[in-house]
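Residue numbers (my numbering): 28 to 196.
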């Protein structure tokens, strides 16, 4: 069994049982497993970037498309547009492809083409939970929201899945 597999098993056991098993392990194996266990429970908030593109819901598709190149400058996540209200609450997500293919761009508002039933991580979500979400849904990035659904950051696929050895050893 690899250290990653052992960490996966230990992470789902009740704490007293996991502690009993870890006490019985060889110290060199335990030294490999403990860092993986701590990473499993690290939150995505530590991996979220603030370099993403957000727009108000009443912005037109045409204006967003015209401003795209300028707005994307210096951003790390440019494949999605995040639609937020004036308080920063995430209202919807638009894939750049959907923006480019939007009909009647001069009159179509972003709120008309955004996905309202979106998938988001919470600031308390763990790296393991994020990894499972990426594997399940195939998104290139996931928004991270707080308890009031305010957009606090975005986690790119590559940043989490590059840590795959922590989850899939």
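By construction, the Cβ of each residue, glycine as well, lies at the ideal position given by its N, Cα and C atoms.
(message) Per DSSP, what are the beta-bridge partners of residue 108 in this structure?
(response) 80 and 121
(message) Does the structure place the stretch 163-183 close enough to the stretch 53-60 that three or more beta carbon pairs sit under 8 angstroms?
(response) no
(request) Grab the span of the beta strand (DSSP E) containing residue 75 for me, first residue to last. (result) Taken as a continuous stretch (DSSP letters only), residue 75 belongs to no beta strand (DSSP E), as it is neither H nor E.
(request) Report all residues from its chain with a CB closer than 7 angstroms to the CB of residue 75; omit the five preceding and five following residues, and keep chain order. (result) 171, 179, 180, 181 and 182
(message) Between residue 120 and chain C, is the shortest Cβ-Cβ distance under 8 angstroms, so that the two count as touching?
(response) Of the protein chains in the structure, only one exists, and it is not chain C.
(request) Let me know the secondary structure DSSP gives residue 41 once reduced to three states. (result) coil
(request) Quick one: using the 10 Å Cβ neighbour count with 16 as the cut-off for buried, is residue 155 buried or exposed? (result) buried
(request) Identify, in the order they occur along the chain, each residue of the same chain with its Cβ nearer than 6 angstroms to the Cβ of residue 69, setting aside the five sequence neighbours on each side. (result) 154
(request) Could you check which residue in 38, 37, 121 and 50 has the C-alpha nearest to that of residue 91? (result) 121
(request) Evaluate the contact criterion for the stretch 86-103 versus the stretch 118-138: three or more CB pairs, one atom per stretch, below 8 angstroms. (result) yes
(request) Go ahead and label residue 101 buried or exposed: buried means 16 or more other beta carbons lie within 10 angstroms of its beta carbon, across all protein chains shown. (result) exposed
(message) Does residue 157 pass the burial test, meaning 16 or more other C-beta atoms within 10 Å, or should it be called exposed?
(response) buried
(message) At a threshold of 7 angstroms, does residue 82 count as lining the ligand SAM (C-beta to nearest heavy atom)?
(response) Here there are no bound small molecules, and the ligand SAM is not part of this structure.
(message) Within a Cβ cutoff of 6 angstroms, which residues of the same chain sit near residue 145, ignoring the five residues on either side of it in sequence?
(response) 120
(request) Please determine, among 116, 99 and 32, the residue with the shortest C-alpha to C-alpha distance to residue 123. (result) 99
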